[in-house]
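A.B. asks: Okay, handing you the structure first.
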Amino acid sequence: METKRYYLILGLIFLILCLLSLTFPLLSFQEARRAVLIQECFLNHSLVPTYNGEPYFTKPPLHIWLSLPFFAMGYPLGLEISFLRLLSFLSYVVALYFLYLICERDPRKTLLSLLILFSSFRFLSFIYRLDLEPLFILFSTGAFYFLLSFHRLPSFSKALLFYLFMALSFLVRGPLNFFWFPALFIYGLLSKNPLTWRLLFFVPGWLLFSGLILSWFLWGVISFGKEVFSTFFSTDIGERLTARKDPFYYYFRALLLNFFPYVLLLLLKSKELMTRLKAYLQFPQGFYLSFFLIPLVMLSFTGEKFDKYLLFLYPVFSVFISQTLMTLYNYRWLLRLGLVLVFINFGLVTGLQLIQLEDLKFKSQAVANSINPKEKYAFYLESHPFLLFLLKRPIPVLKEEREVYLALKEGISVISPREFSQLTPKKILPDPYKKGRYLFLY
109 METKRYYLIL GLIFLILCLL SLTFPLLSFQ EARRAVLIQE CFLNHSLVPT YNGEPYFTKP
169 PLHIWLSLPF FAMGYPLGLE ISFLRLLSFL SYVVALYFLY LICERDPRKT LLSLLILFSS
229 FRFLSFIYRL DLEPLFILFS TGAFYFLLSF HRLPSFSKAL LFYLFMALSF LVRGPLNFFW
289 FPALFIYGLL SKNPLTWRLL FFVPGWLLFS GLILSWFLWG VISFGKEVFS TFFSTDIGER
349 LTARKDPFYY YFRALLLNFF PYVLLLLLKS KELMTRLKAY LQFPQGFYLS FFLIPLVMLS
409 FTGEKFDKYL LFLYPVFSVF ISQTLMTLYN YRWLLRLGLV LVFINFGLVT GLQLIQLEDL
469 KFKSQAVANS INPKEKYAFY LESHPFLLFL LKRPIPVLKE EREVYLALKE GISVISPREF
529 SQLTPKKILP DPYKKGRYLF LY
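Structure (structure tokens):
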């Protein structure tokens, strides 16, 4: 009965966040850009992702494609953004169901894992984001479930589903969770489990996995040429791996900050942990440990780091922490502590978002009121996703100053991130997403 009350409270928090987020405008530059990608696909009646009319292959297209039905439902009502946020909530719901399966359908284990997850500021704050992360968490958690399930009771279908979900997660945001493959290899070496090698050399899975991924590359190259992937390889992979390195400890610090109370509880019982270390390294605890610790260490060797890149590991980490803590502390006490931390985190996430929202709504409305969709516009130097979303059509980008004067003579309004000394702007608009930055409308 007590467990049910905790689930009801978590469900209520989930519902409040869902209802609140339906009133949110586009919250960031990244959200606006993703909304433009989805909108252009919808308006063009095409599955080819474009951004400002140009083919977009910087990220794989699956998130855009799965978002289209939600956009279509909201479009007639003018509630496209609200409906797009529903995909993020739905992704979390399915991911949490996979968490329930990972916990062997045990409501007690699942509940503590959920409380730990919802205590993480970063994890909870992405629940309503119009971003790749929620869908990536879904497919990554699904992949881990089938990976774990295969080691519990192997079958052809589980092995195939593991590779399918790994391919789908790639088609959402690229190869971020591919660190699980070396983790699988290292786990196989350490555990000497024949099932690990059977899965790692599962040919039908690799054929499915590589077939789905290569089809995206072949489609792009055949349709638009290999140059269309230049940003994907140079920036999203090359720079992330080799750019100026953030500190090695960056990801360890991010994990510690998001789960500090629970890590502290483990440290307080360090002596008991050491005495039970051999038991914790056995399956399944050793399995959980391998599949968050090995990717964490490998990610720490990369160059440019972002703490959201760890989110796909959080469900695995929460299961490991919860099942370890249950052997060290009273379960009821852990639940009460977890609920208090969830309430604090919920207050922080909603409070900070609502504080930022007032200024964001004011700036967004000021820009929207100054733009006439029937007029002709051009950008100078760079496009702006919020304006592209408002105008619902591709807008040319001028690269040279002389092109600006020619456009103005032809009656085309120009939106520039910098001021021209010889021209007087018709309006100066605040950039909704960058403090202290303005857009000059000529």
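Residue numbers for the sequence shown follow my numbering, so the first one is 109 and each next one is one higher. Each residue gets a CB set at the ideal place from its N, CA and C atoms; glycine is no exception.
(1) Which partner residues does T158 have in the DSSP bridge list?
(2) Take the Cβ of A474 as the centre, count every other Cβ of all protein chains shown within 10 Å, and call the residue buried at 16 or more, exposed below.
(3) CB-CB under 7 Å to L120, same chain, minus the five flanking residues each way: which ones, in chain order?
(4) Report the rounded CA-to-CA distance for V424 versus N480, giving the unit in angstroms.
(5) Pick from M434, P355 and W288: whose alpha carbon is nearest that of E380?
(6) Quick one: Cα of S408 to Cα of V522, how far?
(7) Candidates I189, L447, P133 and V457: which alpha carbon is nearest Y114's?
(8) Within 10 Å of its beta-carbon, does W288 have 16 or more other beta-carbons around it, so buried, or fewer, so exposed?
(9) Pull the bridge partners of V505 from the DSSP assignment, please.
(10) Are there three or more Cβ pairs, one per stretch, closer than 8 Å when the segment 462-470 is compared with the segment 481-494?
(11) I'd like the span of the beta strand (DSSP E) that includes I536, first residue to last.
(12) Could you tell me the alpha carbon to alpha carbon distance between S196 and D239, rounded to whole angstroms?
(13) Put S524 into one of helix, strand or coil per three-state DSSP.
(14) Taking Y159 as the reference, give the member of E527, K534 and F494 with the closest Cα.
(15) Considering only DSSP beta bridges, list what F548 is partnered with.
(16) Please identify the residue among R545, R501, Y550 and I536 whose C-alpha is closest to the C-alpha of E509.
(17) How would you call Y357, buried or exposed, if buried means at least 16 neighbouring beta carbons within 10 angstroms?
(18) Measuring CB to CB, does A143 end up less than 8 Å from L134?
(19) Near C211, which residues of its chain fall below 7 Å by C-beta distance, leaving aside the five closest residues on each side in sequence?
(20) How is the alpha helix (DSSP H) around Y114 delimited, first residue to last?
(21) Considering just the uninterrupted stretch of the alpha helix (DSSP H) at H259, what are its terminal residues?
(22) Going by the beta-carbon positions, is the gap between L192 and I146 smaller than 8 Å?
(23) What first and last residue would you give for the alpha helix (DSSP H) that runs through H171?
(24) Can you name the start and end residues of the alpha helix (DSSP H) that T383 belongs to?
(25) Going by C-alpha distance, which of R440, P169, V371 and F165 is nearest S342?
(26) Compare the C-alpha of S529 against each of E110, V512 and F137 and name the closest.
(27) Exposed or buried, which one is L514 when buried takes at least 16 other CB atoms within 10 Å?
(28) Below 8 Å CB to CB, which residues in the same chain sit around E255 once its five sequence neighbours on both sides are set aside?
(29) Between the alpha carbons of F332 and L375, how many angstroms are there, rounded?
(30) Within the same chain, show all residues whose beta-carbon is closer than 6 Å to that of V202, passing over the 5 residues directly before and after it, in chain order.
(31) Quick check: H259 and L303, are their CB atoms within less than 8 Å of each other?
(32) Whose CA, out of M181, K542 and R230, lies closest to the CA of A140?
(33) Assuming Q473 is part of the alpha helix (DSSP H), what are its boundary residues?
(34) Assign I345 to one of three DSSP states: helix, strand, or coil.
(35) Can you tell me which of E412, L449 and W441 puts its alpha carbon nearest to the alpha carbon of E110?
(36) Do I235 and Y200 have their C-beta atoms closer together than 8 Å?
C.D. replies: With the given structure in hand:
(1) DSSP lists P163 as the bridge partner or partners of T158.
(2) It counts as exposed.
(3) Result list for L120: empty, nothing under 7 Å.
(4) If I take the Cα positions, the gap works out to 49 Å.
(5) Residue M434 is the option with its Cα nearest to E380.
(6) Each residue's alpha carbon lies about 44 Å from the other.
(7) Just measuring C-alpha positions, the residue of I189, L447, P133 and V457 sitting nearest Y114 is L447.
(8) Label assigned to W288: buried.
(9) For V505, which the question treats as bridged, DSSP gives the partners F487.
(10) Proximity of the segment 462-470 to the segment 481-494 falls short of the contact definition, fewer than three beta-carbon pairs being nearer than 8 Å.
(11) Start and end: K535 to P538.
(12) The alpha-carbon of S196 is positioned some 8 Å away from that of D239.
(13) In this structure, S524 counts as strand in the three-state DSSP scheme.
(14) Per the Cα distances, F494.
(15) Per DSSP, the beta bridge partners of F548 are S524 and I536.
(16) Put simply, of R545, R501, Y550 and I536 the residue whose alpha carbon is nearest the alpha carbon of E509 is Y550.
(17) The residue in question, Y357, is exposed, as its Cβ has fewer than 16 Cβ neighbours within 10 Å.
(18) With respect to L134, A143 sits close: the two C-beta atoms are nearer than 8 Å.
(19) Cβ contact annotation for C211 (same chain, cutoff 7 Å, sequence separation greater than five): K217, T218, S221 and V427, in chain order.
(20) Annotation for Y114: the continuous alpha helix (DSSP H) segment containing it runs E110 to S129.
(21) According to the DSSP assignment, H259 belongs to the alpha helix (DSSP H) that extends over E241 to R260.
(22) Result yes, Cβ atoms of L192 and I146 sit closer than 8 Å.
(23) Start and end: L170 to G182.
(24) Looking at the DSSP string, the run of the alpha helix (DSSP H) that includes T383 is S378 to T383.
(25) The option with the nearest alpha carbon to S342 is F165.
(26) Between S529 and the set E110, V512 and F137, the nearest pair of CA atoms involves V512.
(27) With fewer than 16 other Cβ atoms within 10 Å, it is exposed.
(28) Rather than Glu, the amino acid found at residue 255 in this sequence is Leu. Closer than 8 Å at Cβ, skipping near neighbours: F270, W288, L292, L307 and F399.
(29) A straight-line Cα-Cα distance of about 54 Å links F332 and L375.
(30) So the list reads L246, once near-sequence residues are dropped.
(31) Going by C-beta atoms, H259 is nearer than 8 Å to L303.
(32) Measuring from the Cα of A140, the nearest candidate turns out to be K542.
(33) Y439 to S478 is the extent of the alpha helix (DSSP H) around Q473.
(34) Here I345 sits in helix by DSSP.
(35) Closest by alpha carbon: W441.
(36) Contact flag set, yes.
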